[in-house]
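Colleague:
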Amino acid sequence: MLVRIDKILAANGLGSRKDVRRLLRKEDFRINGTRVTDAGTLLDPENDTLSHNGEKLYLRTCCYLMLNKPAGVVTSTSDPLHRTVMELLPPPFSAMSLFPIGRLDLDTEGLLIITDDGELTHRLTAPKSACIKSYYLETAVPFTEAEFYVAKTACAQGLSLGKTFTCLPAIFERTEAQNIKTKWAFLMHICEGKYHQVKKMIKVLGNEVIYLKRISMGGVMLDPQLSAGSCRELTSDEVTALKKI
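Each residue of the sequence shown is one higher than the one before, counting from 1 in the UniProt record's numbering.
Right, here's the structure in full:
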């Protein structure tokens, strides 16, 4: 597959496409030994060799990051009022033209995938996507055993959020609390991403979410070693898992 050199260079952390165009004019980039200055030049990442000032570059076509989103930042590329998730990215990722896949609410924490792969983003966020997202949540008050059975059954059958929307079947289960101040912790596994969906589901079930954290998406688990606000690149196995959806 042929890919523009500016996209390749941006994906390898040399800056935005605008930055890359400037670098191509000023510095020594070569494809298979031939000097290149045109940002629109095409190359085959599988078969061509690209070098920068004499050093061979690893040819990846897209960048994939896992971010552990903290509360208080918005899932957006820009915002006039709040700090955005993009502002958490360190160099060289901060200079790349990346964007988040989907969104997490301002007060929601956890796994957020950030990339420049538009095709994968469309696939994972499409209404018919079977991308399962799992959330850890804590509630304001406990569910009795009878209430939990009703809630679990309602989620499995497809919970109605009013007259206009009925959720696809979801899995609701108990889990061990991560916060010593509460004993009321649960996991919710959904394959949709409607606005405030998990919070609305719990409200319909007669309770309130007081803490929410996404722990997995499309089979990719939030790295437990990743502190809030930190990111790392996805492994090849994690990227493959997302692309299989």
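Virtual Cβ for every residue (Gly too), placed ideally from N, Cα, C.
So if DSSP puts Gly118 in a beta bridge, which residue, or which two residues, is it bridged to?
Modeller: Taking the first residue of the sequence shown as position 1, residue 118 is located at position 118. Answer is none; Gly118 lacks a bridge partner.
Colleague: Among Arg83, Lys128, Met96 and Asp107, which one has its Cα closest to the Cα of Ile114?
Modeller: Here residue 114 refers to the residue found at position 114 of the sequence shown. The candidate whose alpha carbon is nearest that of Ile114 is Met96.
Colleague: Using CA atoms only, rank isn't needed, just tell me which of Ala10, Glu173 and Cys191 is closest to Pro91.
Modeller: Indexing the sequence shown from 1 puts residue 91 at position 91. Among Ala10, Glu173 and Cys191, the Cα nearest to that of Pro91 is on Ala10.
Colleague: Could you tell me whether the region 52-67 touches the region 20-37, using the rule of 3 or more Cβ pairs below 8 Å?
Modeller: As far as the Cβ criterion goes, the region 52-67 touches the region 20-37, which means the pair count is three or higher.
Colleague: Mind the definition here: the region 63-73 touches the region 228-240 only if three or more C-beta pairs lie below 8 Å; say whether that holds.
Modeller: A contact exists between the region 63-73 and the region 228-240.
Colleague: Find out if the Cβ-Cβ distance for the pair Cys167, Glu192 is shorter than 8 Å.
Modeller: The residue given as residue 167 occupies position 167 in the sequence shown. The residue given as residue 192 occupies position 192 in the sequence shown. A contact, by the Cβ cut-off of 8 Å.
Colleague: Can you find at least 3 beta carbon pairs, one from the region 130-146 and one from the region 196-211, that sit closer than 8 Å?
Modeller: Yes: at least three Cβ pairs fall under 8 Å.
Colleague: Going by the CB atoms, is the gap between Ala156 and Ile171 shorter than 8 Å?
Modeller: The sequence position of residue 171 within the sequence shown is 171, counting from 1. The sequence position of residue 156 within the sequence shown is 156, counting from 1. A contact, by the Cβ cut-off of 8 Å.
Colleague: By DSSP's criteria, Arg35 is part of a beta bridge. Which residues make up the other side?
Modeller: By 1-based counting over the sequence shown, the position of residue 35 is 35. Arg30, per the DSSP bridge assignment.
Colleague: Could you tell me if Asn179 is buried or exposed, where buried requires 16 or more neighbouring beta carbons within 10 angstroms of its beta carbon?
Modeller: The sequence position of residue 179 within the sequence shown is 179, counting from 1. Asn179 should be labelled exposed.
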